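Step one of this worksheet: look at the structure below.
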Amino acid sequence: MSAAAQPSLADDAAPVLSVEGLTKLYGDRIGCRDISFSLWPGEVLGIVGESGSGKSTLLRCLAGLARPSAGRIAITLEGESFDLFALDEPTRRRLMRTAWGIVHQSPRDGLRMGISAGGNVGERLIDAGSRHYGDIRAAAEDWLGRVEIDSSRIDDRPGQFSGGMQQRLQIARVLVSGPRIVFMDEPTGGLDVSVQARLLDLLRVLVRDLGIAAVIVTHDLAVARLLTDRLIVMKDGHVVEEGLTDQVLDDPHHAYTQLLTSAVLT
Amino acid sequence: MTAPAQQHYNYAYLDEQSKRMIRRAILKAVAIPGYQVPFASREMPLARGWGTGGMQVTAALIGPSDTLKVIDQGADDTTNAVSIRRFFSRVAHVATTEKTRAASVIQTRHRIPETPLSAGQIIVYQVPMPEPLRKLEASERETRKMHGYGEYGLMHVKLYEDIARYGHVATSYDYPVAVAERYVTAPSPIPKFDNPKMNMSPALQLFGAGREKRIYAIPPHTRVRSLDFEDHPFTVQRWSTPCALCGTTKTYLDEVVIDDRGGRMFVCSDSEYCEERREAGHAGAMLASAEAMKLVDARQPEDAP
Amino acid sequence: MYVAVKGGEAAILASYDLLAETRRGNPSVPELRLAQIREQMGTAVARVMSEGSLYDADLAALALKQAQGDAVEAIFLLRAFRTTLARFGSSEPLDTSTMRVRRRVSATYKDLPGGQVLGPTYDYTHRLFDFTLGEESAATPEARPADAPLDAVMARVPDILGQEGLLEVEQPAAGDPAPTDITRDSLSFPAGRDVRLQTLARGDEGFLLGLAYSVQRGFGHNHPFVGEIRLGEVAVEFTPEELGFPVDLGDLTLTECQMVNQFAGSKHVPPQFTRGYGLSFGHAERKAMAMSIVDRSLKARALGEEVVYPAQQEEFVLYHSDNVEAAGFVEHLKLPHYVDFQAELELIRRIRAERAAHAQGATMPEAAE
Chain A
32 MSAAAQPSLA DDAAPVLSVE GLTKLYGDRI GCRDISFSLW PGEVLGIVGE
82 SGSGKSTLLR CLAGLARPSA GRIAITLEGE SFDLFALDEP TRRRLMRTAW
132 GIVHQSPRDG LRMGISAGGN VGERLIDAGS RHYGDIRAAA EDWLGRVEID
182 SSRIDDRPGQ FSGGMQQRLQ IARVLVSGPR IVFMDEPTGG LDVSVQARLL
232 DLLRVLVRDL GIAAVIVTHD LAVARLLTDR LIVMKDGHVV EEGLTDQVLD
282 DPHHAYTQLL TSAVLT
Chain B
617 MTAPAQQHYN YAYLDEQSKR MIRRAILKAV AIPGYQVPFA SREMPLARGW
667 GTGGMQVTAA LIGPSDTLKV IDQGADDTTN AVSIRRFFSR VAHVATTEKT
717 RAASVIQTRH RIPETPLSAG QIIVYQVPMP EPLRKLEASE RETRKMHGYG
767 EYGLMHVKLY EDIARYGHVA TSYDYPVAVA ERYVTAPSPI PKFDNPKMNM
817 SPALQLFGAG REKRIYAIPP HTRVRSLDFE DHPFTVQRWS TPCALCGTTK
867 TYLDEVVIDD RGGRMFVCSD SEYCEERREA GHAGAMLASA EAMKLVDARQ
917 PEDAP
Chain C
626 MYVAVKGGEA AILASYDLLA ETRRGNPSVP ELRLAQIREQ MGTAVARVMS
676 EGSLYDADLA ALALKQAQGD AVEAIFLLRA FRTTLARFGS SEPLDTSTMR
726 VRRRVSATYK DLPGGQVLGP TYDYTHRLFD FTLGEESAAT PEARPADAPL
776 DAVMARVPDI LGQEGLLEVE QPAAGDPAPT DITRDSLSFP AGRDVRLQTL
826 ARGDEGFLLG LAYSVQRGFG HNHPFVGEIR LGEVAVEFTP EELGFPVDLG
876 DLTLTECQMV NQFAGSKHVP PQFTRGYGLS FGHAERKAMA MSIVDRSLKA
926 RALGEEVVYP AQQEEFVLYH SDNVEAAGFV EHLKLPHYVD FQAELELIRR
976 IRAERAAHAQ GATMPEAAE
């Protein structure tokens, strides 16, 4: 079990993210309802379910992109805990650019397509206050290397990159500022299988090395098994099962989870 | 405008209500240095983009005891400068001058005079695009948030891109500044050569954008910092030759094509400054031939302002 | 040449004379009188009044004469005059149901109370030259009066739809606050409907026409029907503070267009029709129709529709529809820009020189500014 390899789970007393009774309604339609869980430092949590199960809605609320209809999201950073949606907008916007990061399913949503790869990575450092061109460029080169993009491509724009490279660039852009929490929405969606495998491998190494807490939304149980420590299974906006990833996948209790896992196995 | 028209229009063209509204916007602008104050810009009898913002600011400030100087591209005798000066001498009956030192109000497009401004003077900039972030973010709603929250990272991303691509910041005019370490502000399309003159200037600097309906200000003795990186500090343009007419090496130069064989001479963009130096006996390499060819007036007694 | 920028004042004065001479044209041809423009170029006068936002046919005629028929220049002249006028206050709301109708057509009902009134329209003229207009004619054209007078009050089509609850309800905000005056307050976003309608009413006819056309061609999701177009005279009433009751100030000729559009409805709102509104001074159907389509298109965000096309983006439409601003800014490019251009020249020369030095194999340290 990958979670057992993470010492941070036991060491840290407070969860980095804790969610209580989170509900998001779109008019009469339920996006997600009464979700509660905690995310611990260094832990990778997977949210799985079919399209329309509410997992993307949940992620958007967690990431501060959509305001929940009810419930509370508490974030703990540097030992200080605060309610995400009680923050004023500038503080929330600043934290979104520094302390946490979002990897979108489509790189176009997460990258500035008119700006070079180096500029995309450098923006987060500039947001965090860096005003030294050489330092910014060196950090961008370093991060391009870590996501296996040749540093000779630093001045190319994302449009000149393949889909897999764009996704790796997005990850570098998010991770460069040393976020505490990363939210990923189907990070391997839309990529072909061999590219997916390489990206998953990279993500696994980066998340483990940096000790980042992550929430990954996916409909792909193989992705969930490879990357996550713990799983939440969602259906019709509700959580139907949760537990350690291996337990949930190997010994599903809820009928819906059984259906999901059997669909993968066959 | 024909003579009877003057009876149809108020002093300095704008009605007093409009002037009061503009003065309130100016006061707010002075109180929040670098912040773009929205104001209900009036139509002016000059086309949008031709200085209607600057004219409204000037019209709201000017009185019969003022002395007005108007420059465009640094020169007093370019057609639009002449047109605006004529307008105010007609509708506000003010004295006009070409002497920077003699002016109480200087309306300008694209330059700051070379002669340092002094306390008590007001310089009014004509501004086409007051929003320094507009080329990076098209939405006004979003740019107002960015200013409000001090989110200026994107501006440095643009500078980063320039240096990565060209080795330089490729903005040579309208170069963005931070005013009083708070608001990032467009200095109007002055060459970046003029940016340092804005810093700690003893004069009041007012900016009017008529079409975009914004007024902003830099009060006297306010810090104005051109944005840069620590390892790529802001610098200004330099020329390898001195002014061909007055011999100075300290000014912003215009390039004048003097024949159809590619001949060029570089001369002060600030025509009044150049003339003052020539009157004081300074001569550049081409002054004599320029006088002989009647490219410039031969030295003559000073006109009364 | 250096001297070319000298003597600007003499050149400007000479340009006035040249302009006056050009405007007058061949002096053997009689000079236009303002009354001729006002009476015989009525739609041009109407456009200048609408987009100049001042209902004064004589001044609009003067503007057209002074501008040699250039509508945008004439609109500019009228605006620059309007801006200096004192404000007395706001009129009472106009009631277009009491319009003395000269033309009223609906595309949604074959017949309706008050009837279809074709009135003066180019719609069913064949666009063939009437060469007799090229000659002066002694005969005065005269139209035969109708057999019976039209109804004094004609319900507007949206009122009829509204009775059935099929049209979205549009109510003034609580307390019926005075509408924003866009000539006294600058635009801010999101813009209220009052701001939007005023801006569109002043907006350039050609710009709005192009936007409306784009909506119809699929760059927008509207399916408009002309609920009604009406043309006629409406009384303007004003209540002076010292009197406390409304006084009739006179009549305005107005064209009003109410465009009815489908709306799929949402969870909370059953499917219904929505309204686009257009109003202009004088007879100006094309403008009023284009305005009403764009007005409806700009409701997209409020109705929860996807906002993807130019005609749905309020900052895009409202910031760019004013032809006085647009013309001024585009045309200001002919002003001298040589200071900025010099700065660009210097930069490009420097970068090219550095590149050339690099290419020659010189081991230069990294270019520092």
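Protein chains in written order, with our numbering: chain A, 32 to 297; chain B, 617 to 921; chain C, 626 to 994. C-beta: ideal position from N, C-alpha, C; glycine also. Since we're looking at a predicted model, the values are computed, not measured.
Asked: In three-state terms, what does DSSP make of Arg-854(B)?; Found: coil
Asked: Taking Leu-689(C) as the query, report the chain B residues whose CB atoms sit under 8 Å from its CB, ordered along the chain.; Found: Ordered by position in chain B, no residue passes the 8 Å Cβ test against Leu-689(C), which lies about 17 Å from the chain.
Asked: Grab me the residues of Ala-699(C)'s own chain with a C-beta within less than 6 Å of its C-beta, minus the 5 sequence neighbours each way, in chain order.; Found: Val-673, Ala-688, Leu-689 and Ala-692
Asked: Which same chain residues, not among the five before or five after His-846(C), have their C-beta less than 7 Å away from its C-beta?; Found: Glu-930
Asked: Fully enclosed by the segment 652-738 of chain B, which beta strand (DSSP E) runs are 3 residues long or longer?; Found: 683-688 and 721-725
Asked: Taking 9 Å as the cut-off, decide whether the C-beta atoms of Gly-690(B) and Asp-870(B) are in contact.; Found: yes
Asked: Can you look up Gly-633(C) in the DSSP assignment and give me helix, strand or coil?; Found: helix
Asked: Using a beta-carbon distance cut-off of less than 9 Å, what residues from the segment 916-937 of chain C approach chain B?; Found: none
Asked: Starting from the C-beta of Arg-98(A), find all residues in its chain whose C-beta is less than 7 Å away, skip the five residues before and the five after it, and write them out in chain order.; Found: Phe-116
Asked: For a test of the three-state rule: what should DSSP assign to Ala-901(B), helix, strand or coil?; Found: coil
Asked: When the distance is taken between beta carbons, is Ser-699(B) closer than 9 Å to Glu-828(B)?; Found: no
Asked: Does any residue of chain A bring its CB to less than 9 Å from the CB of Tyr-930(B)?; Found: With chain B represented from 617 up to 921, any question about residue 930(B) goes unanswered, as that position is not in the structure.
Asked: How would you list, in chain order, the residues of chain C whose beta-carbon sits under 8 Å from the beta-carbon of Asn-811(B)?; Found: Ordered by position in chain C, no residue passes the 8 Å Cβ test against Asn-811(B), which lies about 11 Å from the chain.
Asked: Under the three-state reduction of DSSP, which class applies to Tyr-838(C): helix, strand or coil?; Found: helix
Asked: Would His-749(B) pass as an interface residue toward chain A - the criterion being a Cβ-Cβ separation below 9 Å?; Found: Note that residue 749(B) corresponds to Leu in the displayed sequence, not to His. For Leu-749(B), the answer is no, since every Cβ of chain A falls outside 9 Å of its Cβ.
Asked: Which same chain residues, not among the five before or five after Glu-179(A), have their C-beta less than 7 Å away from its C-beta?; Found: Arg-199 and Leu-233
Asked: So the alpha helix (DSSP H) Ala-688(C) belongs to, where does it begin and stop?; Found: 682-691
Asked: If you scan the segment 105-150 of chain A from start to end, which runs of the alpha helix (DSSP H) of 4 or more residues do you find wholly inside it?; Found: 120-129 and 138-141
Asked: Distance check for Tyr-789(B) and Ile-678(B), CA to CA, integer angstroms please.; Found: 29 Å
Asked: Between Trp-131(A) and chain B, is the shortest Cβ-Cβ distance under 9 Å, so that the two count as touching?; Found: no
Asked: So, with DSSP's three-state summary, where would you put Met-32(A)?; Found: Low local confidence applies: a pLDDT of 40 at Met-32(A) is under 50, so the model's placement there is unreliable, with the coordinate-based value given in what follows. Three-state result, Met-32(A): coil.
Asked: For Pro-661(B) and Ala-705(C), which I take to be in contact (beta-carbon distance under 8 Å), what is that distance rounded to the nearest angstrom?; Found: 4 Å
Asked: Among Val-79(A), Arg-123(A) and Arg-162(A), which has the Cα closest to the Cα of Asp-216(A)?; Found: Val-79(A)
Asked: Taking three-plus beta-carbon pairs below 8 Å as touching, is the segment 143-162 of chain A in contact with the segment 799-807 of chain B?; Found: no
Asked: Rounded to whole angstroms, what's the CA-CA distance from Asp-140(A) to Asn-886(C)? Just pull it up for me.; Found: 33 Å
Asked: What first and last residue would you give for the alpha helix (DSSP H) that runs through Leu-941(C)?; Found: It is Phe, not Leu, that sits at residue 941(C) in the sequence shown. Residues 939-945.
Asked: What does a CB cutoff of less than 7 Å around Glu-634(C) pick up in its chain, not counting 5 residues either side in sequence?; Found: none
Asked: Of all the beta strand (DSSP E) runs that stay within the bounds of the segment 800-836 of chain B, which reach a length of 3 or more residues?; Found: 820-825 and 830-834
Asked: Can you tell me where the alpha helix (DSSP H) with Met-579(B) in it begins and where it stops?; Found: The question about residue 579(B) has no answer, for chain B in this structure spans 617 to 921.
Asked: Quick one: is His-726(B) near chain A, going by C-beta distance under 9 Å?; Found: no
Asked: Report the start-end ranges of each beta strand (DSSP E) in the segment 856-899 of chain B that is 3 residues or longer and not cut off at the edges.; Found: 869-873 and 880-884
Asked: Per the contact definition of three or more C-beta pairs closer than 8 Å, is the segment 210-227 of chain A in contact with the segment 166-174 of chain A?; Found: no
Asked: Return the first residue and the last residue of the alpha helix (DSSP H) that Val-205(A) is part of.; Found: 194-206
Asked: With 16 as the cutoff for other CB atoms within 10 Å, does Pro-818(B) come out buried or exposed?; Found: exposed
Asked: Pull up the CB-CB distance for Tyr-765(B) and Pro-189(A), whole angstroms please, since I reckon it's below 8 Å.; Found: Not really, about 26 Å apart at Cβ, beyond 8 Å.
Asked: Helix, strand or coil for Gln-796(C) per DSSP?; Found: coil
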